[in-house]
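Only one structure is covered here, and it is reproduced in the block below.
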Amino acid sequence: MAPVSTERDLRLDLFRGLALWLIFLDHIPSNAVSWVTIRNYGFSDATEIFVFISGYTAAFVYGRAMRQHGFVIASARVLKRAWQIYIAHVFLLAIYLAEIAYVSSSFDNPLYTEEMGVLDFLKNPDVTIFQALLLKFKPVNMDVLPLYILLLAWFPPMLWLLLRAPSMALVSSAVLYVLMWFFEWNLPAWPSGTWVFNPFAWQLLFVLGAWCALGGAQNLSRWINSRFVIALAIAYLVFAFCIAMTWYFPRLAVYVPKFVGDAIYPIDKTNLDVLRILHFLSLAVITVAFVPRDWPVLKSWICWPAIVCGQHSLETFCLGVFLSFAGHFMFTEVSNRLFMHIGVSVAGIAIMVAIAAMLSWYKQAERQGGGPRPPAARPGLAGGDA
Amino acid sequence: MRWRVLLLALLVLAGPAWAELPAECGVAAHLAETSYPLPQVKRAIADKKLNILVVGAGSSQLPGPNGEKNAYPGRLQQALADQLKGVAVTVTTDIKASRTAAEMVKTLPAGLAAAKPALMIWQTGTTDAMRAVDPDQFSQALDAGINVTRGAGADVVLVNAQYSPRTESMIALSTYAEDMRWVALQQEVPLFDRFSIMRQWSDLGTFDLYSATKKLDIAERVHDCIGRLLADLIIAAAKPAEPPTNGSR
Chain A
16 MAPVSTERDL
26 RLDLFRGLAL
36 WLIFLDHIPS
46 NAVSWVTIRN
56 YGFSDATEIF
66 VFISGYTAAF
76 VYGRAMRQHG
86 FVIASARVLK
96 RAWQIYIAHV
106 FLLAIYLAEI
116 AYVSSSFDNP
126 LYTEEMGVLD
136 FLKNPDVTIF
146 QALLLKFKPV
156 NMDVLPLYIL
166 LLAWFPPMLW
176 LLLRAPSMAL
186 VSSAVLYVLM
196 WFFEWNLPAW
206 PSGTWVFNPF
216 AWQLLFVLGA
226 WCALGGAQNL
236 SRWINSRFVI
246 ALAIAYLVFA
256 FCIAMTWYFP
266 RLAVYVPKFV
276 GDAIYPIDKT
286 NLDVLRILHF
296 LSLAVITVAF
306 VPRDWPVLKS
316 WICWPAIVCG
326 QHSLETFCLG
336 VFLSFAGHFM
346 FTEVSNRLFM
356 HIGVSVAGIA
366 IMVAIAAMLS
376 WYKQAERQGG
386 GPRPPAARPG
396 LAGGDA
Chain B
8 MRWRVLLLAL
18 LVLAGPAWAE
28 LPAECGVAAH
38 LAETSYPLPQ
48 VKRAIADKKL
58 NILVVGAGSS
68 QLPGPNGEKN
78 AYPGRLQQAL
88 ADQLKGVAVT
98 VTTDIKASRT
108 AAEMVKTLPA
118 GLAAAKPALM
128 IWQTGTTDAM
138 RAVDPDQFSQ
148 ALDAGINVTR
158 GAGADVVLVN
168 AQYSPRTESM
178 IALSTYAEDM
188 RWVALQQEVP
198 LFDRFSIMRQ
208 WSDLGTFDLY
218 SATKKLDIAE
228 RVHDCIGRLL
238 ADLIIAAAKP
248 AEPPTNGSR
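The listed protein sequences derive, respectively, from chains A and B.
First residue of the first sequence: 16, per the working numbering; consecutive thereafter.
First residue of the second sequence: 8, per the working numbering; consecutive thereafter.
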């Protein structure tokens with residue numbers, strides 16, 4: 016199968032950048048601004064967008080490498096990327112532990128005696144840190160990178176299959192997803208429970224993204240652009256919106272018929288509920304229908320901030336996690352009023368854009384400088400700014 | 008700040024005899040609503056004898072000699088007694104710190120047999136989140152507890168975790184809060200969304216939940232409001248004939 020196109024699809028960078036912003040806003044604990052994020056208006060959230068697009072770009076970048084340089088070289092690059100993400104995860108963990116230690120030494124309130132028990136694990140940090148290095152202990156909001164590490168580590172054979180028999184690869188991924196539901200597969204976590212993002216489930220979106228990148232999207236384009244599918248997608252998004260409103264206005268819950276409630280609840284994020292996949296796919300269909308690939312706005316300054324973040328997604332993601340810690344610190348130490356929430360949110364995104372822009376400049380300067388040329392495909396988080 | 012001082016002054020003037028909902032609690036009243044009825048409570052109110060069992064963990068307690076009276080179960084009893092004149096309201100508690108939902112289900116039959124309640128108020132979720140209990144097992148424990156309680160002829164109101172901004176980056180409450188919501192919707196049980204209510208108070212500056220203090224004053228006012236709002240939810244849900252209102256305001 017021929018690659019779709021050699022020119023980069025800016026829509027991918029745009030929406031990955033937007034997803035990074037939304038993840039940042041959602042990750043600042045108690046951020047009032049997070050009401051703008053899509054998770055409040057339907058079933059799926061920014062994580063789906065991110066995993067799908069990362070699968071797409073991973074296939075785009077490493078698929079080319081595998082065709083040109085063979086299985087071994089491409090696999091080595093994928094694994095190197097997984098290792099980089101592991102290092103980034105450990106770095107964030109260090110910051111997290113510092114924050115926890117600070118809270119435990121500075122905070123006391125009779126209202127929260129129960130909650131302070133969470134700091135008990137500081138009594139045996141050796142076990143905690145060891146379990147964290149094994150990716151079994153994952154602090155709050157730090158579940159995405161371990162998922163990526165695993166998805167990438169397992170990606171080379173999947174990519175090999177995707178290049179030879181794309182449909183077969185997609186079907187095998189779907190079978191794994193179904194088996195996971197039947198046998199309740201998941202990886203163990205520490206101190207108890209399982210992974211928050213079940214890799215056996217979330218691999219489906221990653222592979223779906225990869226499959227689309229390798230020509231699947233073109234094969235589907237007649238379907239995706241049909242009026243019927245678009246109408247169906249809009250209807251589903253409206254339905255999800257109405258259901259989501261009943262969560263925030265308990266009075267409305269009575270209007271959801273019993274059989275509908277029985278059918279849809281619980282909506283499982285850990286195991287990537289089918290309702291969530293459908294919600295994401297509906298969003299994707301609408302996006303593809305209304306944002307054409309050659310949309311001139313994509314190249315204008317309006318989209319540039321999000322695009323530049325999307326092009327440096329690993330760095331921006333890690334920075335976002337760090338900034339969300341810092342933002343929370345501002346809330347606790349300086350002020351927790353609304354203007355602070357807005358200020359921290361806006362400033363955080365501005366810093367993300369500034370750093371991403373600096374990385375772009377740095378890369379360009381490196382290329383222009385007479386030194387050895389960097390390799391042609393330098394992937395971002397799971398494939399990136401190639 | 009000025010209106011907060013004004014409010015406080017008003018409260019002091021009104022004195023403890025004021026049975027109406029203080030305005031500081033009221034800003035979150037719209038969150039303490041439900042569309043599911045409580046038929047056993049309705050019957051109990053008609054029979055003039057309302058027994059309530061509160062099952063919970065550490066966040067249903069307050070420390071200190073007056074802790075039992077000032078924590079929300081005690082405040083709930085007071086608020087209900089004030090609003091339901093002529094009804095003998097008894098609130099018994101089964102509260103012990105750091106218990107998961109599954110652990111509470113184990114002692115539930117004995118508690119139900121002893122208290123013979125028309126309503127079981129179940130505060131849970133925090134410990135499960137702190138110990139990262141498997142969410143499926145958490146949901147199953149909730150279902151089991153609701154079924155046991157209904158089997159004993161009592162209604163259920165679920166109470167979710169506290170909003171605790173300082174520890175929010177350390178306790179992954181959201182999964183467990185969502186699971187509680189799904190179970191409540193599926194079982195058609197009222198959910199007292201303590202998390203959203205307290206968050207509203209924090210966002211609006213009603214209570215400073217960030218403050219590091221050893222003093223009990225804010226904690227006591229928070230529990231007082233929770234008790235009152237719970238009372239309003241229970242009374243509104245026990246009168247399904249008219250659309251739920253916030254009781255007194």
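Even for Gly, the Cβ is constructed at its ideal location relative to N, Cα and C.
Here the structure is a predicted model, which is why all the values come from computation and not from measurement.
Could you tell me which residues DSSP puts in a beta bridge with residue i?
| i | result |
| --- | --- |
| B/Trp129 | B/Val62, B/Leu165 |
| B/Leu198 | B/Leu165 |
| B/Thr156 | Paired residue(s): none; B/Thr156 is not in a bridge. |
| A/Thr209 | A/Pro203 |
| B/Lys56 | B/Ala95 |
With a threshold of 8 Å on Cβ separation, who are the neighbours of residue i within its own chain once the five nearest residues in sequence on each side are excluded?
| i | result |
| --- | --- |
| A/Ile366 | Leu334, Leu338 |
| A/Val9 | Because chain A here runs from 16 to 401, residue 9 of chain A falls outside it and cannot be looked at. |
| A/Val244 | Trp238, Val300 |
Within the continuous beta strand (DSSP E) that includes residue i, where are the two ends?
| i | result |
| --- | --- |
| B/Ile102 | 95 to 102 |
Counting only beta-carbon separations shorter than 8 Å, does residue i have a partner in chain B?
| i | result |
| --- | --- |
| A/Asp123 | yes |
| A/Phe277 | The sequence given here places Asp at residue 277 of chain A; Phe does not occur at that position. True, the Cβ-Cβ gap to chain B drops below 8 Å. |
| A/Asn351 | yes |
| A/Pro265 | yes |
| A/Ala268 | yes |
| A/Pro206 | yes |
| A/Ser45 | yes |
| A/His343 | yes |
| A/Ile115 | yes |
Along the alpha helix (DSSP H) that carries residue i, what are the first and last residues, could you check?
| i | result |
| --- | --- |
| A/Asp141 | 140 to 148 |
| A/Ala380 | 353 to 383 |
| B/Asp231 | 224 to 244 |
| A/Gly325 | 319 to 326 |
| A/Val190 | 181 to 198 |
| A/Asp28 | 25 to 42 |
| B/Asn114 | Sequence inspection shows Thr at residue 114 of chain B; the Asn mentioned does not correspond to that position. Run containing B/Thr114: 108 to 122, per the alpha helix (DSSP H) assignment. |
| A/Asp277 | 273 to 279 |
| A/Val222 | 214 to 226 |
| A/Pro161 | 159 to 168 |
| B/Pro80 | 79 to 90 |
| A/Ser121 | 86 to 121 |
| A/Val300 | 289 to 305 |
| A/Ser45 | Element bounds for A/Ser45: n/a, residue is neither H nor E. |
| A/Leu247 | 242 to 263 |
Starting from the C-beta of residue i, find all residues in its chain whose C-beta is less than 7 Å away, skip the five residues before and the five after it, and write them out in chain order.
| i | result |
| --- | --- |
| A/Leu29 | Leu313, Cys318, Ala321, Ile322, Gly325 |
| B/Arg106 | Ala64, Thr134 |
| B/Tyr217 | Pro172, Arg173 |
| B/Cys32 | Cys232, Arg235, Leu236 |
| B/Leu83 | Val98, Gly234, Leu237, Ala238 |
How about residue i: is its C-beta nearer than 8 Å to some C-beta of chain A?
| i | result |
| --- | --- |
| B/Gly212 | yes |
| B/Met111 | no |
| B/Ile241 | no |
| B/Lys221 | yes |
| B/Pro251 | Here B/Pro251 scores only 46 on pLDDT, less than 50, and its place in the model should not be relied on; the value that follows carries that caveat. So, interface residue. |
| B/Arg157 | no |
| B/Leu115 | no |
Quick one: residues in its chain with C-beta nearer than 6 Å to the C-beta of residue i, no 5 flanking neighbours on either side, listed in chain order?
| i | result |
| --- | --- |
| A/Asn286 | Asn213, Ala216 |
| B/Ile178 | Ala136, Met137 |
| A/Ile100 | Leu160, Tyr163, Ile164 |
| A/Ala168 | Ala97 |
| B/Gln194 | Ile153 |
Does the beta carbon of residue i fall short of 7 Å from some heavy atom of the ligand PLP?
| i | result |
| --- | --- |
| B/Ser209 | The model depicted lacks the ligand PLP and carries no ligand whatsoever. |
Across the region 267 to 283 of chain A and the region 65 to 84 of chain A, are there enough close Cβ pairs to call them in contact, namely three or more that are closer than 8 Å?
no
Can we say the region 207 to 219 of chain B touches the region 47 to 59 of chain B, given the rule of at least three CB pairs closer than 8 Å?
no
Examine the Cβ distances between the region 354 to 361 of chain A and the region 297 to 313 of chain A and report whether three or more of them are shorter than 8 Å.
no
Any chance the region 176 to 193 of chain A sits against the region 210 to 228 of chain A, with 3 or more Cβ pairs inside 8 Å?
yes
Does the pairing of the region 106 to 125 of chain A with the region 84 to 92 of chain A give three or more beta-carbon distances under 8 Å?
no
Would you check if the region 167 to 175 of chain B and the region 117 to 135 of chain A touch, i.e. whether three or more CB-CB distances between them fall below 8 Å?
yes
For the 8 Å Cβ check, are there 3 or more pairs between the region 278 to 295 of chain A and the region 183 to 191 of chain B?
yes
Check whether the region 225 to 235 of chain B touches the region 64 to 77 of chain B, taking contact to mean three or more Cβ pairs, one atom from each stretch, closer than 8 Å.
yes
The region 154 to 164 of chain B in contact with the region 111 to 124 of chain B per 3-pair CB rule at 8 Å:
yes
Counting beta carbon pairs with one atom in the region 41 to 59 of chain A and one in the region 252 to 262 of chain A, are three or more of them shorter than 8 Å?
yes
Do the region 152 to 163 of chain A and the region 93 to 100 of chain B make contact, defined as three or more Cβ pairs closer than 8 Å?
no
Could you tell me whether the region 193 to 207 of chain A touches the region 146 to 154 of chain A, where touching means 3 or more Cβ pairs closer than 8 Å?
Yes: the two stretches touch, three or more of their Cβ pairs being nearer than 8 Å.
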